[in-house]
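Enquirer:
Protein chains: 2
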Amino acid sequence: MTQRWYVGIDIGGTNLVVGLVPEEGGAPQGLRVRATESERGPDAIVTDVVRMARESIRDVLGVHHTSEILGVGVGSPGAVNRSTGRVLESPNLGWRDYPLRDRIQELSDWPVVVDNDANCATYGEFWVGAGHDARSLVGVIIGTGIGGGIILDGQLVHGASDAAGEVGHTTVNFAGRRCACGNYGCVEAYASGPNIAARAREGLEAGAESVLTELVEGDLSRITAATVYEAVVDGDEYATQVMTETARILGAGIASLINTLNPDAVVIMGGVTRAGDVLFHPLRGEIRRRSFKVSAEACRILPAALPETAGVVGAAGLCKAALEGRNG
Amino acid sequence: MTQRWYVGIDIGGTNLVVGLVPEEGGAPQGLRVRATESERGPDAIVTDVVRMARESIRDVLGVHHTSEILGVGVGSPGAVNRSTGRVLESPNLGWRDYPLRDRIQELSDWPVVVDNDANCATYGEFWVGAGHDARSLVGVIIGTGIGGGIILDGQLVHGASDAAGEVGHTTVNFAGRRCACGNYGCVEAYASGPNIAARAREGLEAGAESVLTELVEGDLSRITAATVYEAVVDGDEYATQVMTETARILGAGIASLINTLNPDAVVIMGGVTRAGDVLFHPLRGEIRRRSFKVSAEACRILPAALPETAGVVGAAGLCKAALEGRNG
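Structure representation (structure tokens):
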């Protein structure tokens, strides 16, 4: 039988990633990656991803076999209206009400389906990644912000206005740190990359001693979440304490999701997973302490399995689901 | 066409309520209510509810028309395993691993389906109550504890081990008040009936002035949530402040659910809804401030429409759904 494929396109704030995903799920082939450079505007990015998709197809199928493509799935940051295919607002890319699906459709021979990038990454981990044997799963993606996605009984939860899955904006401290979303005390306000760095910086400014100060040659403004992991790997006590506190706060937010949704698995994605056991050990402990026993026991806390390609795989998978009339 | 019915049985910590619910949904007929008196043990309660069901049937259908009953739905507090029909644990009733479905089935001519009582109440409000025109809905039931249920795309979310919907155990303050569940800073630890009373008492002990002190003739241990509402109705400033704070904390928890699930509606159930605008006005304001604009705009915050009978209606509705092979 002829192998059939979906094109997966992942438009990220940093990189554009494109590849071909087998109809039945699996690792993407003919992968193409380039820097997004969002300042070029959306039309230039559309031209790029379509060209990258053509290259992927030529790589994998040769020149004459494009009929084996079934559809194109696209993940975009921000609020995406699935029925119109428009990106309503993407602060990351600087887009407002951009007709992403139609622009790609004009250049494509196959049906195009768009969805939010965090939904795509979650669906990728569910379809072929860390959660491939789960029926219900919460994805938590820790980066510049904290996003996520929710899959219940094999279906992605989109919500009443395609805005579901904002798990980073779960309040864990109602009088706590101001969040970029305007709320106070969201998980994101403590545990996103920049906020991990900010909390580390604040402690140092208050007098904590740490190898971090040397790592940035005394310029605390240069501390990033990556510097904190580096110091953790060096065995630095203060940095380890910052990561443990991060894990605890993340654990409080995830325990709320587990008590509410009782999923089979939570998959943690993003650079922060590089912290390994320093993150996952206190995280699992905090979740166990804070959630109902029956729900905690049912739920595995897993690091992502597809760190670079979950978005591409999930965009393809959600395209397949939409064309088959399923909700992911 | 002959009207067909489901029997709905709501086993509560305080009352047993039984009635007949029309197949297509609607107000229960032939309603029977009696005190639970859980100290009598589960078998006595089973005998009671089956007798009450027979009385309801006789009332509504007469003696000879029992063939018009399609099934029996039962709601029980605590952790309910739907596939075995056992109540694993109900601290409210003092039951442990009780075969509720089989015990009722032995006395019943129709198929029996059991579910958690908060799921039943939520489904009742969804099927014929405040949320009858919603597709997705979160139910929040404020009583001795705070329970709830989640309906997405018309289906009740049961989760991996039938434990989903514990929306009262969403952490809103990770270093906050100890909760009955063992966690710290759950919504329930602030906003359940007994915790509203406890917070009111603590403020008075710290010197606040209020008509509450007179209402309980100086014996602060007699303050209940109902006393606090009474003082609010009297125009008492301190009691109003306690209710406003309750609404704000509840709002933080509900905003997290709205950001996560993007539902059409949240239905607030339980005695606390009697506080009316004193609760709902600050609650709606806090939710608006704390949640994403698109999700807040999509979501109505509604008081329950079936304060006495949501459990009976929902138990019947979930029985119907289960017999039709749907997940609620």
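Taken in order, these protein sequences are the chains called A and B.
Position one of the first sequence corresponds to residue 1 (the working numbering), numbered consecutively onward.
Position one of the second sequence corresponds to residue 329 (the working numbering), numbered consecutively onward.
A virtual CB, placed ideally from N, CA and C, is assigned to each residue, including glycine.
#1: Quick check on the DSSP output: the beta strand (DSSP E) that includes A:D117 runs from which residue to which?
#2: In terms of residues, what are the limits of the beta strand (DSSP E) holding B:Q297?
#3: Do B:N655 and the ligand ADP come close, with the Cβ less than 8 Å from some heavy atom?
#4: Kindly list, in the order they appear in chain A, the residues whose Cβ is closer than 8 Å to that of B:P419.
#5: Just to confirm my understanding: we take B:L480, look at its own chain, exclude 5 residues before and 5 after, and list those with CB closer than 6 Å. What are they?
#6: Give me the residue from A:P77, A:S221, A:V233 with the minimum Cα distance to A:T273.
#7: When you compare each of B:T588, B:L416, B:A638, B:C647 to B:G354 by their alpha carbons, which one comes out closest?
#8: Does the beta carbon of A:D162 sit closer than 9 Å to a beta carbon anywhere in chain B?
#9: Check whether the Cβ of B:D481 lies closer than 9 Å to any Cβ atom in chain A.
#10: Buried or exposed: which applies to A:S221, given that a residue is buried once 16 or more other Cβ atoms fall within 10 Å of its Cβ?
#11: Which one of B:A526, B:D371, B:D564 has the shortest CA to CA distance from B:E542?
#12: Give me the Cα-Cα distance between A:E24 and B:G613, rounded to the nearest whole angstrom.
#13: Note down, one range per segment and in chain order, each beta strand (DSSP E) of at least 3 residues found wholly within the segment 158-202 of chain A.
#14: Got a sec, what are the start and stop residues for the beta strand (DSSP E) A:A35 sits in?
#15: Measuring straight from C-alpha to C-alpha, what distance separates A:A35 and A:W5?
#16: Drop a sphere of 10 angstroms on the beta-carbon of B:A575, count the other beta-carbons inside from all chains shown, and report buried for 16 or more, exposed for fewer.
#17: For B:Y518 and B:R506, I'd like the C-alpha separation in whole angstroms.
#18: Considering only C-alpha positions, which residue in the set A:Q29, A:A296, A:M269 is nearest to A:I141?
#19: Looking at the C-beta of B:R654, does it have a partner C-beta in chain A at a distance below 9 Å?
#20: Touch check for the segment 295-308 of chain A and the segment 94-110 of chain A: three-plus C-beta pairs under 8 Å?
#21: Say whether the segment 303-319 of chain A touches the segment 126-133 of chain A, bearing in mind that this needs 3 or more beta-carbon pairs closer than 8 Å, one atom from each stretch.
#22: If the criterion is Cβ atoms closer than 9 Å, does the pair A:R290 and B:Y557 meet it?
#23: Are the segment 486-496 of chain B and the segment 384-401 of chain B touching, with three or more C-beta to C-beta distances below 8 Å?
#24: Can you name the residues of chain B whose CB is closer than 8 Å to the CB of A:S256?
#25: In whole angstroms, what is the alpha-carbon distance linking B:I524 and B:V377?
#26: Counting along the chain, where does the beta strand (DSSP E) carrying B:V539 start and finish?
#27: Taking any Cβ of chain B, which residues in the segment 250-277 of chain A have a Cβ under 8 Å from it, in chain order?
#28: Along chain B, which residues have their Cβ under 8 Å away from the Cβ of A:I150?
#29: Can you give the Cα-Cα distance for A:P194 and A:R201, rounded to whole angstroms?
#30: Name the one or two DSSP bridge partners that B:E417 has.
#31: Please confirm whether B:G406 and B:S366 have their CB atoms less than 9 Å apart.
#32: Compare the Cα-Cα distances from A:G154 to each of A:L283, A:E125, A:V63, A:I258 and report the closest residue.
#33: So A:F174 packs on B:N501, CB below 8 Å; how close in whole Å?
#34: Could you name the residues of chain A that B:F620 contacts, counting a contact when the two beta carbons are closer than 8 Å?
#35: Over the uninterrupted alpha helix (DSSP H) stretch that includes A:P42, give me the two end residues.
#36: Taking all protein chains shown into account, do 16 or more other C-beta atoms lie within 10 angstroms of the C-beta of B:P610, making it buried, or fewer, making it exposed?
Expert: The structure says:
#1: Looking at the DSSP string, A:D117 is not in any beta strand (DSSP E); the run it does join, the alpha helix (DSSP H), is 117-127.
#2: Nothing about residue 297 of chain B can be reported from this structure: the residues present for chain B run from 329 to 656 only.
#3: For the structure depicted, the ligand ADP is absent and the ligand set is empty, with no information on it obtainable.
#4: Near B:P419 there are no residues of chain A at all, since even the closest Cβ is about 12 Å away, more than 8 Å.
#5: Apart from the 5 residues on each side of it in sequence, B:L480 sits with its Cβ closer than 6 Å to the Cβ of S464 in its chain, given in chain order.
#6: If we check each option's Cα against that of A:T273, A:V233 comes out closest.
#7: Out of B:T588, B:L416, B:A638, B:C647, B:A638 has the C-alpha closest to the C-alpha of B:G354.
#8: Chain B, which has a Cβ nearer than 9 Å to the Cβ of A:D162, makes this yes.
#9: So, interface residue.
#10: Here A:S221 is exposed, its C-beta having fewer than 16 other C-beta atoms within 10 Å.
#11: Closest option to B:E542, Cα to Cα, is B:D564.
#12: Spanning the two alpha carbons is a distance of roughly 47 Å.
#13: Runs of the beta strand (DSSP E) inside the segment 158-202 of chain A: none found.
#14: Per DSSP, A:A35 belongs to the beta strand (DSSP E) from 29-35.
#15: Spanning the two alpha carbons is a distance of roughly 25 Å.
#16: Residue burial is scored here from C-beta neighbours: B:A575 has at least 16 other C-beta atoms within 10 angstroms and is therefore classed as buried.
#17: C-alpha of B:Y518 to C-alpha of B:R506: approximately 9 Å in a straight line.
#18: When each option's Cα is compared against that of A:I141, the closest is A:M269.
#19: Chain A contact via Cβ: absent.
#20: Touching, no, given that fewer than three Cβ pairs across the two stretches are closer than 8 Å.
#21: Output reads yes: the segment 126-133 of chain A touches the segment 303-319 of chain A.
#22: Going by C-beta atoms, A:R290 is not nearer than 9 Å to B:Y557.
#23: Flag = no, the segment 486-496 of chain B and the segment 384-401 of chain B do not touch.
#24: By Cβ distance, chain B contributes H497, T498, T499, S584.
#25: B:V377 has its alpha-carbon roughly 33 Å from the corresponding atom of B:I524.
#26: That residue, B:V539, is in no beta strand (DSSP E); it is neither H nor E in DSSP.
#27: Those would be A252, G253, A255, S256, L257, N259, T260, L261, N262, P263, D264, in chain order.
#28: For the C-beta of A:I150, the chain B residues within less than 8 Å are, from N- to C-terminus, T588, L589.
#29: A:P194 and A:R201: Cα-Cα distance of roughly 10 Å.
#30: Within the DSSP bridge table, the entry for B:E417 names B:A407, B:R424 as partners.
#31: Not in contact: B:G406 and B:S366 (Cβ atoms no closer than 9 Å).
#32: A check of alpha carbon separations from A:G154 across A:L283, A:E125, A:V63, A:I258 identifies A:E125 as the nearest.
#33: Right, the Cβ-Cβ distance comes to about 6 Å (below 8 Å), so this counts as a contact.
#34: Result: A163, E166, H169, C181.
#35: Looking at the DSSP string, the run of the alpha helix (DSSP H) that includes A:P42 is 42-61.
#36: Under this definition B:P610 is a buried residue.
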